[in-house]
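Structure first, then comments.
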Amino acid sequence: VQLQASGGGSAQAGGSLRLSCAASGTTYSNYYMGWYRQAPGKQRELVATINSGGTTNYADSVKGRFTISRDNAKNTAYLQMNSLKPEDTAVYYCNIRRIFTPRFEAWGQGTLVTVSS
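Taking the numbering used here, I'd label the letters of the sequence shown as residues 25 to 141.
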């Protein structure tokens, strides 16, 4: 399984950005897709996840500002980031994880999001 992330870049505080993550190399459905981020000097942390049924989970720090969605037909997940804050600055990693047999997990290459005040 491979992930190709796109989007990201720079924005001012209060602005918006959108990330996309396309999965390839699997014909299996029923898996989670999500976004994690790692700021300089900090550990990687969960941002948001979504399962194949559309159930979402968000970190408290992004609730109400970020929205994760997915297009199962395209095996693609999206992260719409609104009301960005400087503390959202980080490298964002896309993740895919299937917890049923056959299990698999993969990470995207990471995309930098920089928010200036």
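Ideal Cβ placement from N, Cα and C applies to all residues, glycine included.
Burial state of Tyr55 (16 or more Cβ within 10 Å): Buried, because 16 or more other Cβ atoms sit within 10 Å of the Cβ of Tyr55.
Cβ-based burial, Asp95 [other Cβ within 10 Å; buried from 16]: Exposed: under 16 other Cβ atoms inside 10 Å.
Where the beta strand (DSSP E) through Ser76 begins and ends: That residue, Ser76, is in no beta strand (DSSP E); it is neither H nor E in DSSP.
Residue of Gln28, Tyr52, Thr51 minimising C-alpha distance to Leu43: Residue Gln28 is the option with its Cα nearest to Leu43.
Residue of Thr51, Ile123, Tyr60 minimising C-alpha distance to Gly90: For clarity, residue 90 is Phe in the given sequence; the question names Gly instead. Proximity to Phe90 across Thr51, Ile123, Tyr60 peaks at Tyr60, based on C-alpha coordinates.
Same chain, Cβ closer than 8 Å to Lys98, neighbours up to 5 away in sequence not counted: Cβ within range, chain order: Ala46.
At least 3 beta-carbon pairs within less than 8 Å: the region 124-140 vs the region 77-89: No, they do not touch.
Neighbourhood of Gly26 by C-beta, 6 Å cutoff - its chain only, sequence neighbours within 5 removed: In the sequence as presented, Gly is not what sits at residue 26; that position holds Gln. Apart from the 5 residues on each side of it in sequence, Gln26 sits with its Cβ closer than 6 Å to the Cβ of Ser48, Gly49 in its chain, given in chain order.
Distance CB(Leu103)-CB(Gly39) smaller than 8 Å: Their beta carbons are not under 8 Å apart, which means Leu103 does not touch Gly39 by this criterion.
Identity of the residues DSSP links to Thr91 by a beta bridge: For Thr91, the beta-bridge partners assigned by DSSP are Gln104.
Among Asn75, Phe124, Arg68, the one whose alpha carbon lies nearest that of Gly58: When only C-alpha atoms are compared, the closest one is Asn75.
Through-space distance from Thr51 to Arg121, alpha-carbon basis: If you take the alpha carbons of Arg121 and Thr51, they lie about 13 Å apart.
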